[in-house]
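In our numbering, the protein residues as written are 146 to 270.
Built from N, CA and C at the ideal position, the CB exists for glycine as well.
The structure under discussion appears below in the form of structure tokens.
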């Protein structure tokens, strides 16, 4: 029983802490969008406003769902995609040091997608 508790506590920490850290990157983008300033990078060629919106979803909205453990596996998808775009497109030509943080975030959220939220999430799986 103790092992199950510590496993679920570990999964909760894995969900909550990186998601809060991710939200610290997404909050300035959300504030920018809410202020009406849609100037943003366009790494996928879909336009600045859609790129900003997708970054806000990946870096702020989806992490809220992950923190709550609600639709956790589904919610990791926008975060993972956002981080892979950062690694391979935005920082594609940069040295590994510039890619390291988004790469680490991508791996963490891939692990969350694989293992699920644990018993301390709304999904309880």
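Just verifying my parser: in three-state terms, what is the DSSP assignment at residue i?
i, result
"residue 236", "coil"
"residue 252", "helix"
"residue 267", "coil"
"residue 153", "helix"
"residue 184", "coil"
"residue 165", "helix"
"residue 190", "coil"
"residue 261", "coil"
How close, in whole Å, do the beta carbons of residue i and residue j come, if the pair is a contact with beta carbons under 8 Å?
i, j, result
"residue 251", "residue 222", "With 8 Å as the limit, residue 251 and residue 222 do not qualify as a contact, their Cβ atoms being about 12 Å apart."
"residue 272", "residue 178", "Residue numbering for the chain in the displayed model covers 146 to 270; residue 272 lies beyond these limits and cannot be assessed."
"residue 171", "residue 205", "3 Å"
"residue 215", "residue 257", "Between residue 257 and residue 215 the Cβ distance is about 13 Å, and since that is not below 8 Å, they are no contact."
"residue 265", "residue 153", "5 Å"
"residue 220", "residue 210", "4 Å"
With distance defined between alpha-carbon atoms, name the residue in the options nearest to residue i.
i, options, result
"residue 129", "204, 154, 183 and 205", "Absent from the model: residue 129. The displayed extent of the chain is 146 to 270, so no value can be given."
"residue 269", "207, 212 and 170", "212"
"residue 254", "217, 148 and 201", "217"
"residue 208", "236, 191, 244 and 157", "157"
"residue 197", "165, 219 and 230", "230"
"residue 165", "203, 151 and 185", "203"
"residue 238", "151, 160, 148 and 188", "188"
"residue 163", "192, 246 and 190", "246"
Using a Cβ-Cβ distance under 9 Å, would residue i count as near chain B?
i, result
"residue 178", "Absent from the structure: chain B. Only one protein chain is present."
With hydrogens ignored, establish whether the beta-carbon of residue i is closer than 8 Å to any heavy atom of the ligand ADP.
i, result
"residue 249", "You won't find the ligand ADP in this model; it holds no ligand whatsoever."
Entirely enclosed alpha helix (DSSP H) segments - the stretch 192 to 233, minimum 4 residues = Taking only runs of at least 4 residues, the alpha helix (DSSP H) segments lying wholly in the stretch 192 to 233 are 193 to 201, 207 to 213 and 217 to 230.
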